[in-house]
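In my numbering, the protein residues as written are 28 to 121.
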């Protein structure tokens, strides 16, 4: 409902009804914002759950530890930039 401001008299009841409608619209807007935040948080929690499951898996732990060990021993090269990656592949395929 919109107030008809062209009328000379607007009743208190009309003002209260209009104010209540605005409050309800605001409330719905804030509820939608909160739901959106909950959905984002739920997605992030699902990602974290997947990460935790991967890192709690014994095979994954062993693989990660083996990779770190090989890196420490120098069996792997760490590429910090795309240029390093390019050089590595050029060395492999040349």
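Backbone N, C-alpha and C fix where the C-beta goes; we use that ideal spot for every residue, glycine too.
Where residue i falls: helix, strand or coil (DSSP)
| i | result |
| --- | --- |
| residue 68 | helix |
| residue 34 | coil |
Interface flag, residue i vs chain C, CB-CB below 7 Å
| i | result |
| --- | --- |
| residue 75 | No chain C appears in this structure, which consists of one protein chain only. |
CA nearest to the CA of residue i, picked from the options
| i | options | result |
| --- | --- | --- |
| residue 128 | 117, 109, 94 | Past the edges of the chain, shown from 28 to 121, lies residue 128, and the structure says nothing about it. |
Runs of beta strand (DSSP E) lying entirely within the stretch 79-119, each at least 3 residues, in chain order: Complete beta strand (DSSP E) runs here, min 3: none at all.
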